[in-house]
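What follows is a set of notes on a single structure, which appears directly below.
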Amino acid sequence: MAKIVEKNSIKIGKEPMVIFPLKEWKKIEETLEDLEEAVRFNRAFEESRGEKLISLEEIKKKYKLK
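Taking my numbering, I'd label the letters of the sequence shown as residues 154 to 219.
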């Protein structure tokens, strides 16, 4: 588990910084991307409720899904 060390914190400008190993940052980045895709999908799904059926390809184009 990570420890917070305030007396030895690194500051750039007025903000304290956090340093991650690259492997951990990649995991966080992938999780954020997955979350963004899920949010876009849910928005598309909710907006399409009650509408006439459209193809999956049209939904992908409209909401820029992968």
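Virtual Cβ for every residue (Gly too), placed ideally from N, Cα, C.
As the structure is a computational prediction, the values presented were derived from the model and not from experiment.
Distance between beta carbons of residue 215 and residue 197, contact taken as under 8 Å
7 Å
In the region 164-213, which residue ranges form an unbroken alpha helix (DSSP H) of at least 4 residues, counting only runs that do not cross its ends?
175-201
Residue 165 versus residue 193: straight-line alpha-carbon distance, rounded
34 Å
In angstroms with no decimal places, state the Cα-to-Cα distance between residue 205 and residue 186.
29 Å
CA-to-CA distance, residue 188 to residue 213, given in whole angstroms
16 Å
Cα separation between residue 178 and residue 219?
22 Å
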